[in-house]
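Quick note, the sequences are listed as chains A and B, same order.
Sequential numbering from 402 applies to the first sequence in this note's numbering.
Sequential numbering from 3 applies to the second sequence in this note's numbering.
Built from N, CA and C at the ideal position, the CB exists for glycine as well.
All remarks here apply to the structure that follows.
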Amino acid sequence: MEFERRLAGKRVIITCGPGGVGKTTLAAAIGLELARRGERVAVLTIDPARRLATSLHLAEESASEPTPVALPDEANAAPTGSLHALMLDPKSTFDRLVERYATSQEQYEKIINNKFYRTFSGAVGGTQEFIAMERLYELLEEGRWDRIVLDTPPTVHALDFLDAPQRLIHVVDRSVFRWLAKPYLLTGKASIQVLSFGSAYIFKTLTTFIGGRMLQDLSEYVNNFKGMFDGFKQRAEAVESLLHAPDTLFLIVSSWQPNSLIEARKFYRDLARKRMPFGAFVINRVLDPPRPPLELERLTQSLETEEFENVEYPEDLPEKLLKEYDNWNRLAARQRSNLQAFFAEFPFKPPAILAPILDRDIADVPTLLVFASRLFGR
Amino acid sequence: MDLFAKRLLFTMGKGGVGKSAVSCALTRLALERGKKLLLVQVNTPDKTSMYLGTPPADENVREVFPNLYSVNIQPPAAMKEYVLLQVRLEMIYRLVFENRAVKHFLRAVPALNDLVVLGKIYYHVMQKDDAGNPLYDLVIVDAPATGHGLQLLRLPEVMIEAVQRGPVFREATNMLAMLRDPAITAINLVTLPEEMPVAESIEMFGKIRDELHMPLGCLFVNGVYERVLDDDDERAIETLRNKVSNMAKPDPVLEHVLRTAAMKISWRRLTGRYMDMLRREIPLPAVKLPFIFDESFGGDAIERLSRVIDCDVGCPDGV
């Protein structure tokens with residue numbers, strides 16, 4: 402119920418958080434639930450587990466475009482709803498971006514074939530993160546989705562993807578790169594005298610540091626982008642304002658393990674600092690709260706009632722059951738104290754959704770549906 | 003394989019699999035063996051101090067316990083250190099590298115940041131004391147999660163190919179030689195018996211062995227459920243659960259106990275399947291680390307893990 406209310410009216414839902422906490426599963430479950438309720442949903446994922454990817458048809462070649470996922474009968478889906486999933490293909494998205502803003506076919510090819518571009522998919526930092534945002538923007542422009550759920554790259558540093566648009570603006574900003582992109586660097590040291598004393602000095606020192614050849618390659622690379630800067634900048638600014646839009650929502654996903662919670666808190670701070678719209682923490686794989694300790698006698702008695710008369714079980718089963726019960730209880734107690742400590746550091750209790758642990762991997766649509774139903778308290 | 007005879011150990015794996023816990027358990031064991039060591043984290047919220055009971059690591063190398071030095075490498079600080087080693091003058095550093103344009107440029111080339119991180123690791127492995135002996139017996143790197151971790155290891159080769167000569171080329175060549183030397187380096191994999199971590203470690207194993215050609219150490223599998231219930235128990239539990247689910251008013255306590263047990267059985271079976279898969283696909287000495295059900299996970303838990311590792315990899319021909 403709570404979760405449903407949080408998501409109401411949000412067109413773009415972004416799941417972020419540390420790696421290995423179930424961001425993709427959560428994004429898929431949210432998408433599935435919203436589709437079941439009659440909305441047209443696209444789920445954009447980055448790096449899904451193979452079996453989940455297979456069941457969402459993401460293992461196929463065409464997966465970089467929205468691919469329909471059939472909703473099972475037991476979903477009781479409203480007829481208007483539909484679920485599409487797609488996987489990020491950073492290389493082709495970036496290529497498309499270059500193609501869109503290249504001033505000529507020649508320029509496009511020069512960039513695409515540059516060594517740095519090929520090695521790093523663009524030597525520009527935070528490329529993958531930026532690309533995720535770019536793809537999101539493309540989907541929004543399509544105008545055929547009620548909701549888009551975006552699963553972010555597993556970056557350790559929240560800032561990497563939040564900063565990506567801003568950073569690209571900096572990097573392609575002409576004033577910053579002008580001196581590097583100037584053609585004199587292409588011709589090497591011979592024309593160094595045309596630089597001002599300061600620039601010449603900087604250039605010389607940088608050469609000692611990273612080597613003239615590499616500097617030359619890099620400046621050639623930057624030089625290739627000449628004329629495209631305005632387009633890039635415009636795009637990055639549009640993505641930036643999209644992230645701040647009132648119908649965008651960030652969910653921070655975390656496990657209840659301390660290291661994961663430490664990173665979740667860092668994500669929260671980064672979001673707050675950048676004034677991004679925070680929706681809720683989603684704590685994944687949560688066990689039931691601990692129960693009071695149990696006496697062996699109590700357990701033995703409950704197995705000795707007449708209903709179980711005909712059931713044969715090993716003599717020491719009650720003891721073993723008790724051991725398992727105690728183990729899980731201790732774990733549940735650890736989980737509770739971790740979460741209490743986590744929330745205690747906030748001046749108010751932030752919205753948090755507890756997603757239950759299941760007894761199996763979430764690797765197919767029916768299991769995803771079970772997970773979604775528990776998540777949304779259906 | 004005696005990991006403690008090496009000079010440089012990496013702990014690699016997907017995020018959240020317990021790399022830091024394994025790094026800290028290895029750290030404890032190395033200290034017990036009288037090693038002087040440096041524990042390295044790379045640009046991350048500090049994750050080792052709570053396991054070791056030491057002050058948090060920051061960008062400066064510091065002795066946090068007798069013989070244990072600790073650092074959390076921050077690329078900007080490492081960049082400055084590296085540049086100062088080369089150009090020697092603080093004034094020049096400020097003039098050139100704190101120039102706005104240069105700063106943005108350096109930040110924008112992620113490869114350079116990774117290069118200085120690796121450069122710092124290389125520097126500390128090679129660092130000598132006044133007598134000319136290695137300053138540290140062992141450097142343990144709690145590596146960034148898979149994607150970034152692999153990128154870090156791949157970087158020297160990429161740089162050698164991309165640059166072809168000059169200082170970066172020379173540095174990268176030295177780093178690569180160190181990373182490929184089985185007498186110096188062992189790359190250890192850490193995983194959990196779950197789908198994604200297992201798939202990633204299988205993939206990572208192939209890449210490190212066949213593409214990077216770097217020496218692998220052990221496979222640490224965290225969170226392995228110990229078997230409490232045998233086949234007979236499991237069958238009985240299933241029968242009991244069926245009975246309970248058909249009862250009009252089942253005993254809620256019993257119902258919960260059975261549910262907990264059934265959950266554990268499912269997880270244990272899954273664990274078994276993934277262990278088989280790991281055994282099949284990753285031919286490395288494997289160390290199974292037990293799932294810790296304690297009410298807290300701190301120094302005591304790390305001690306227990308280190309005892310298990312000790313049995314497995316402590317002796318020269320172990321595992």
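Q) Going by beta carbon distance, what residues of the same chain come within less than 6 Å of B/Leu307, once the five residues before and after it are set aside? A) For the purposes of this step, residue 307 of chain B is taken as residue 305 along the second sequence, with counting starting at 1. Excluding sequence neighbours, B/Leu307 sits near Ala27, Leu291.
Q: Compare the C-beta of B/Met265 with all C-beta atoms of chain A and state if any pair is closer than 7 Å.
A: As a first step, residue 265 of chain B must be located in the second sequence, where it is residue number 263. Chain A places a beta carbon closer than 7 Å to that of B/Met265, counting this residue as a contact.
(Q) Per DSSP, what are the beta-bridge partners of A/Cys355 in this structure? (A) No answer is possible for residue 355 of chain A: the residues shown for chain A start at 402 and end at 779.
Q. Taking Cβ positions only, does A/Gly632 come closer than 7 Å to chain B?
A. Sequence index remark: in the first sequence, residue 632 of chain A carries index 231 (1-based). So, not an interface residue.
Q: Evaluate B/Phe6 with the Cβ neighbour count: other Cβ atoms within 10 Å of its Cβ, from every protein chain shown; 16 or more gives buried, anything less gives exposed.
A: Mapped onto the second sequence, residue 6 of chain B falls at position 4. Of the other Cβ atoms in all chains shown, 16 or more fall within 10 Å of the Cβ of B/Phe6; this residue is therefore buried.
Q) Below 7 Å between beta carbons: does that hold for A/Arg437 and A/Ala478? A) Here residue 437 of chain A corresponds to residue number 36 of the first sequence, with the count starting at 1. Here residue 478 of chain A corresponds to residue number 77 of the first sequence, with the count starting at 1. A contact, by the Cβ cut-off of 7 Å.
**Q.** Beta-carbon spacing of B/Ala201, B/Met14 below 7 Å
**A.** One-based indexing of the second sequence puts residue 201 of chain B at position 199. One-based indexing of the second sequence puts residue 14 of chain B at position 12. No; because the gap between Cβ atoms is not below 7 Å, this pair is not in contact.
**Q.** Where B/Ser72 falls: helix, strand or coil (DSSP)
**A.** Stepping through the second sequence from its first residue, residue 72 of chain B is reached at position 70. In the structure shown, B/Ser72 sits in a strand (DSSP, three-state: E or B).
Q: Please list, in chain order, all residues of the same chain as A/Phe651 whose beta carbon is under 7 Å from its beta carbon, the five residues on each side excluded.
A: Against the first sequence, residue 651 of chain A aligns to sequence position 250. For A/Phe651, the CB contacts under 7 Å within the same chain, skipping 5 residues up- and downstream, are Ile415, Cys417, Leu672, Met677, Pro678, Phe679, Gly680 in chain order.
Q: Compile a chain-ordered list of the residues in the region 736-753 of chain A whose CB is closer than 8 Å to at least one CB of chain B.
A: Ser738
Q.
For the pair the region 203-215 of chain B and the region 226-240 of chain B, tell me if three or more CB-CB distances fall below 8 Å.
A. no
Q.
Could you check whether A/Ser703 and B/Asp253 sit closer than 7 Å to each other, using their CB atoms as the reference points?
A. Position 251 of the second sequence holds residue 253 of chain B. Position 302 of the first sequence holds residue 703 of chain A. For B/Asp253 and A/Ser703, yes; Cβs fall inside 7 Å.
Q: May I have the straight-line CA-CA distance separating A/Val499 from A/Ala533, to the nearest angstrom?
A: As a first step, residue 499 of chain A must be located in the first sequence, where it is residue number 98. As a first step, residue 533 of chain A must be located in the first sequence, where it is residue number 132. Those two C-alpha atoms are separated by around 15 Å.
Q. With C-beta atoms as the reference, is A/Pro691 less than 7 Å away from A/Ala733?
A. Residue numbering aside, residue 691 of chain A sits at position 290 when the first sequence is read from its first letter. Residue numbering aside, residue 733 of chain A sits at position 332 when the first sequence is read from its first letter. In contact: A/Pro691 and A/Ala733 (Cβ atoms closer than 7 Å).
Q | Within 7 Å, strictly: CB atoms of A/Leu428 and A/Asp547 | A | Counted from its first residue, the first sequence places residue 428 of chain A at position 27. Counted from its first residue, the first sequence places residue 547 of chain A at position 146. Before going on, a small fix: residue 428 of chain A reads as Ala here, not Leu. No, the pair does not count as a contact, with Cβ atoms beyond the cut-off.
Q) Considering only residues of the same chain and omitting the five flanking positions on each side of A/Glu440, which have a CB-CB separation below 6 Å? A) One-based indexing of the first sequence puts residue 440 of chain A at position 39. If we look at A/Glu440 and ignore the five residues flanking it on each side, its Cβ neighbours are Gly482, Asp547, Arg548.
Q: Have a look at A/Arg412, A/Glu403, A/Glu405, A/Arg406 and flag the residue whose alpha-carbon is nearest the alpha-carbon of A/Pro647.
A: Translated into positions along the first sequence, residue 647 of chain A becomes position 246. Ranking the options by Cα distance to A/Pro647, first place goes to A/Arg412.
Q) Who are the neighbours of B/Met249 on chain D, taking C-beta pairs under 8 Å? A) In the structure shown, chain D does not exist; the protein chains are A and B.
Q. Do you know whose CA, among B/Ile123, B/Leu256, B/Pro287, B/Thr29, lies nearest B/Cys220's CA?
A. Taking the second sequence and counting its residues from 1, one reaches residue 220 of chain B at position 218. Per the Cα distances, B/Pro287.
Q) What is the DSSP secondary structure of A/Gly589, counted as helix, strand or coil? A) Taking the first residue of the first sequence as position 1, residue 589 of chain A is located at position 188. Caution is warranted here: a pLDDT of 47 is assigned to A/Gly589, below 50, making its placement in the model unreliable, and the coordinate value is therefore given only provisionally. Looking at A/Gly589 - three-state DSSP - the assignment turns out to be helix.
Q) With which residues is A/Gln508 paired in a DSSP beta bridge? A) Here residue 508 of chain A corresponds to residue number 107 of the first sequence, with the count starting at 1. In DSSP, A/Gln508 forms no bridge with anything.
Q: Apply the 10 Å Cβ neighbour rule to B/Leu87 and answer buried if 16 or more other Cβ atoms are within range, or exposed otherwise.
A: By one-based count along the second sequence, residue 87 of chain B stands at place 85. So B/Leu87 ends up on the exposed side.
**Q.** B/Asp48 - containing beta strand (DSSP E), residue span
**A.** Looking up residue 48 of chain B in the second sequence gives position 46. It is not in any beta strand (DSSP E) - B/Asp48 carries neither H nor E in the DSSP assignment.
Q.
Taking the beta carbon of A/Glu705 as the centre, do at least 16 other beta carbons fall within 10 Å, making it buried, or is it exposed?
A. As a working note, residue 705 of chain A is residue 304 in the first sequence. Exposed, because fewer than 16 other Cβ atoms sit within 10 Å of the Cβ of A/Glu705.
Q. Between which two residues does the beta strand (DSSP E) containing B/Lys290 stretch?
A. As a first step, residue 290 of chain B is located in the second sequence; it is residue number 288 there, counting from the start. Counting along the chain, the beta strand (DSSP E) containing B/Lys290 begins and ends at 288-292.
(Q) Relative to the C-alpha of B/Glu83, which candidate in B/Leu40, B/Gly55, B/Leu117, B/Phe299 has its C-alpha closest? (A) Along the second sequence, one-based indexing puts residue 83 of chain B at 81. When only C-alpha atoms are compared, the closest one is B/Leu117.
Q: Keeping to the same chain, check which residues put their C-beta closer than 7 Å to that of B/Gly55; ignore five residues upstream and five downstream.
A: Locating residue 55 of chain B in the second sequence gives position 53, where the first residue counts as 1. Shown here for B/Gly55: same chain residues with a beta carbon closer than 7 Å to its own, the five before and five after excluded, namely Gly301 in chain order.
Q: Tell me, to the nearest whole angstrom, how far the beta carbon of A/Glu403 is from that of A/Ile653; I am working on the premise that it is less than 8 Å.
A: Numbered from its first residue, the first sequence carries residue 403 of chain A at position 2. Numbered from its first residue, the first sequence carries residue 653 of chain A at position 252. A/Glu403 to A/Ile653, Cβ: 16 Å. No contact.
Q.
For B/Val226, list the residues DSSP reports as bridge partners.
A. Within the second sequence, numbered from 1, the residue matching residue 226 of chain B stands at position 224. Its beta-bridge partners are B/Pro292.
Q. Closer than 7 Å, CB to CB, is A/Pro715 near chain B or not?
A. Within the first sequence, residue 715 of chain A is the residue found at index 314, counting from 1. True, the Cβ-Cβ gap to chain B drops below 7 Å.
**Q.** Residue closest to A/Leu445, alpha-carbon to alpha-carbon, out of A/Arg686, A/Thr504, A/Thr649, A/Val550
**A.** Locating residue 445 of chain A in the first sequence gives position 44, where the first residue counts as 1. That would be A/Val550, whose Cα lies nearest to the Cα of A/Leu445.
Q.
Measuring CB atoms only, is the region 25-43 of chain B touching the region 443-463 of chain A, in the sense that at least three cross pairs come out at less than 8 Å?
A. Taking a contact to require three or more Cβ pairs closer than 8 Å, the region 25-43 of chain B and the region 443-463 of chain A do not qualify as touching.
Q. When you compare only the Cα positions, how much space is there between A/Val525 and A/Arg779?
A. Position 124 of the first sequence, counting from 1, holds the residue named residue 525 of chain A. Position 378 of the first sequence, counting from 1, holds the residue named residue 779 of chain A. Caution is warranted here: a pLDDT of 44 is assigned to A/Val525, below 50, making its placement in the model unreliable, and the coordinate value is therefore given only provisionally. Looking at the two C-alpha atoms, the distance is approximately 45 Å.
Q | Inter-residue spacing [alpha-carbon to alpha-carbon] between B/Gly134 and A/Val687 | A | Taking the second sequence and counting its residues from 1, the one referred to as residue 134 of chain B is at position 132. Taking the first sequence and counting its residues from 1, the one referred to as residue 687 of chain A is at position 286. For B/Gly134 and A/Val687, the distance between alpha carbons rounds to 53 Å.
Q.
I'd like to confirm the pairing. Which residues does DSSP put opposite B/Pro136 in its beta bridges?
A. Taking the first residue of the second sequence as position 1, residue 136 of chain B is located at position 134. B/Pro136 pairs with B/Lys130.
Q) Rounded to a whole number of angstroms, what is the C-alpha to C-alpha distance between B/Phe222 and A/Gly432? A) For the purposes of this step, residue 222 of chain B is identified with residue 220 of the second sequence, where counting begins at 1. For the purposes of this step, residue 432 of chain A is identified with residue 31 of the first sequence, where counting begins at 1. Approximately 35 Å, taken between the alpha carbons.
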